[in-house]
Amino acid sequence: MCTISWLYDHNGYHIFFNRDEQRTREKAQQPKVHNVAGCKAIYPVDAKAGGTWIAANEYGLTFALLNYYQAPIDTDAKHSRGLIIPSLLPAKNVAEAHDILKRVNLKGFGPFSLLCFSPQAAGGEKFSDANRRVPLLRWNGIKLEKVMQASPLISSAVDYENVNAVRSELYRNIFREKTALQPMDFYRYHATHTPARGHLSVCMHREDARTVSFSHVAVGHHVVAFTYLDSAPCCSVSDGVEQGRNLNTATLIRKAVTETSFA
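Counted from 1, the sequence shown has number 28 at position 28 by full-length UniProt numbering; the numbering is strictly sequential.
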């Protein structure tokens, strides 16, 4: 139950993530800098399981995980999917992260989609727009697959086909005609209630679940910044985000590293 989109420009890249959760779930801890096996990384921590759904490390890599509800439910899954990302944070490039994940016994985890962002595209090309594909590692409960994914990526446990169609069409309608995209365009997309405030809208509201937070990761030439809104973005975009209110930001100095191709 999440929506993630992204934008690459001449300075690096931006990621925008709506996290949707049950209304009864405890609030996550605010993002801060952690030290994971000698590598610095910024991420929020889930109060229930101690893991995370999105994190950026000092090498300019960002990992974002969404549940993959289209796979059969694994009733034997014992481990929280939020523990996956912390295990990858020491990686210096996407290929290294993939190698780490291949060594993990995933049989104890429910199905998931893991997006891997880096300052360079596979093969060393620079990303330059909102339509480029990024590496995605998907565990379907049986095997780990690797594909390239276009923005946005949408996850929903309820009415997935309609949810995906509505949110994807809105994304195309907003961004396909724009030539000078800005992060604020994505803030507004993630705060929208089109076609109505409910389960179809990007900022999601159901009786049992809702969008509980909004994350914006910005990776530039020298700095990694994680901006976090601990509420639904619809509550703050119009009266707060543009002025910077209600947001918490943590930063890291980015280390230079040579990227290798995704294989």
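Ideal placement from N, C-alpha and C gives every residue a C-beta, glycine not left out.
In angstroms with no decimal places, state the Cα-to-Cα distance between GLU125 and ASP208. Here residue 125 refers to the residue found at position 125 when the sequence shown is read from its first residue. Here residue 208 refers to the residue found at position 208 when the sequence shown is read from its first residue. Bear in mind that the predicted position of GLU125 carries a pLDDT of just 44, short of 50, making it too unreliable to give a figure here.
Output needed for GLY60: all residues of its chain with C-beta closer than 6 Å, excluding positions within five of it in sequence on either side, in chain order. Counted from its first residue, the sequence shown places residue 60 at position 60. Answer for GLY60: PRO119, VAL219, ARG254, listed in chain order.
Helix, strand or coil, according to DSSP, for HIS79 in the structure here? The residue you call residue 79 lines up with position 79 of the sequence shown. Here HIS79 sits in strand by DSSP.
With a threshold of 8 Å, are at least 3 pairs of Cβ atoms found where one atom belongs to the region 24 to 38 and the other to the region 213 to 233? By the Cβ criterion, the region 24 to 38 is in contact with the region 213 to 233, since at least three pairs of Cβ atoms, one from each stretch, lie closer than 8 Å.
With distance defined between alpha-carbon atoms, name the residue in LYS143, CYS116, ILE142 nearest to ARG132. Residue numbering aside, residue 132 sits at position 132 when the sequence shown is read from its first letter. The option with the nearest alpha carbon to ARG132 is CYS116.
Sequence-distant residues of the same chain with beta carbon closer than 6 Å to VAL241, five excluded per side: In the sequence shown, the residue the question calls residue 241 occupies position 241. At VAL241, the pLDDT of 47 sits below 50, so the modelled position is not reliable; the number obtained from the coordinates is stated separately. Cβ within range, chain order: TYR187.
How far does the beta strand (DSSP E) with ARG172 in it reach, from first residue to last? Taking the sequence shown and counting its residues from 1, one reaches residue 172 at position 172. Taken as a continuous stretch (DSSP letters only), ARG172 belongs to no beta strand (DSSP E), being part of the alpha helix (DSSP H) at 160 to 175.
Where do the ends of the beta strand (DSSP E) carrying SER113 lie? Locating residue 113 in the sequence shown gives position 113, where the first residue counts as 1. First-last of the beta strand (DSSP E) with SER113: 112 to 117.
Rounding to the nearest angstrom, what Cα-Cα distance links HIS221 and ASP76 in this structure? Taking the sequence shown and counting its residues from 1, the one referred to as residue 221 is at position 221. Taking the sequence shown and counting its residues from 1, the one referred to as residue 76 is at position 76. Here the C-alpha atom of HIS221 lies approximately 43 Å from the C-alpha atom of ASP76.
Between which two residues does the alpha helix (DSSP H) harbouring ALA102 extend? The residue given as residue 102 occupies position 102 in the sequence shown. Note that residue 102 is Lys in the sequence shown here, rather than Ala. First-last of the alpha helix (DSSP H) with LYS102: 94 to 102.
Quick one: what's got a C-beta closer than 6 Å to ILE54's C-beta in the same chain, skipping five residues either side? For the purposes of this step, residue 54 is identified with residue 54 of the sequence shown, where counting begins at 1. The beta carbon of ILE54 lies closer than 6 Å to those of PHE17, ALA64, SER215 in the same chain, with the five residues before and after it left out.
For the alpha helix (DSSP H) that contains ARG188, what are its first and last residues? Along the sequence shown, one-based indexing puts residue 188 at 188. Element bounds for ARG188: 183 to 191.
Count Cβ pairs between the region 31 to 42 and the region 93 to 100 that sit closer than 8 Å; are there 3 or more? no
Which of helix, strand or coil does DSSP assign to residue 270? Past the edges of the chain, shown from 1 to 263, lies residue 270, and the structure says nothing about it.
When DSSP builds the beta bridges, which residues end up paired with THR227? Here the question's residue 227 lines up with position 227 in the sequence shown. According to DSSP, which records beta bridges pairwise, THR227 is partnered with HIS216, THR249.
In three-state DSSP terms, what is CYS234? Here the question's residue 234 lines up with position 234 in the sequence shown. Here DSSP, grouped into helix, strand and coil, assigns CYS234 to helix.
Straight-line gap, PRO183 to GLY12 (C-alpha atoms, nearest Å): The residue given as residue 183 occupies position 183 in the sequence shown. The residue given as residue 12 occupies position 12 in the sequence shown. Roughly 12 Å separates the two Cα atoms.
6 Å Cβ shell around GLU145 - same chain, five flanking residues per side excluded: On the sequence shown, position 145 is the one that residue 145 refers to. Cβ neighbours of GLU145 beyond the five flanking positions: ARG138.
Among residues of its own chain, excluding the 5 on either side of LYS78, which ones have a beta-carbon nearer than 8 Å to its beta-carbon? Taking the first residue of the sequence shown as position 1, residue 78 is located at position 78. Hits under 8 Å: GLY108.
By alpha-carbon positions, which one of VAL202, ILE15, ASN67 ends up nearest to LEU114? Against the sequence shown, residue 114 aligns to sequence position 114. Selected option, being the one with the closest Cα: ASN67.
Cut-off 8 Å between Cβ atoms - residues of its own chain near ALA157, not counting five sequence neighbours on either side: Indexing the sequence shown from 1 puts residue 157 at position 157. Excluding positions up to five away in sequence, the list reads MET1, ASN67, TYR69.
CB THR211 to CB ALA232, shorter than 7 Å? In the sequence shown, residue 211 corresponds to position 211, counting from 1. In the sequence shown, residue 232 corresponds to position 232, counting from 1. Less than 7 Å divides the Cβ of THR211 from the Cβ of ALA232.
Since VAL71 and ASN164 are thought to touch, with beta carbons under 8 Å apart, how far apart are those beta carbons, to the nearest angstrom? For the purposes of this step, residue 71 is identified with residue 71 of the sequence shown, where counting begins at 1. For the purposes of this step, residue 164 is identified with residue 164 of the sequence shown, where counting begins at 1. In the sequence as presented, Val is not what sits at residue 71; that position holds Ala. The C-beta distance from ALA71 to ASN164 rounds to 15 Å, too long to meet the 8 Å contact threshold.
Within a Cβ cutoff of 6 Å, which residues of the same chain sit near SER80, ignoring the five residues on either side of it in sequence? Taking the first residue of the sequence shown as position 1, residue 80 is located at position 80. Non-local beta-carbon contacts of SER80 in its own chain, meaning distances under 6 Å to residues more than five positions away in sequence, involve ALA49, GLY51 in chain order.
Spatial neighbours of GLU58 within its chain, please: C-beta separation below 8 Å, excluding the five flanking residues on both sides. As a first step, residue 58 must be located in the sequence shown, where it is residue number 58. The residues are CYS39, LYS40, ALA41, VAL224, LEU252, ILE253, ARG254, LYS255.
Euclidean distance between Cα positions of LEU200 and PRO86: In the sequence shown, counting from the first residue as 1, residue 200 sits at position 200. In the sequence shown, counting from the first residue as 1, residue 86 sits at position 86. Straight-line Cα distance between these residues: approximately 31 Å.
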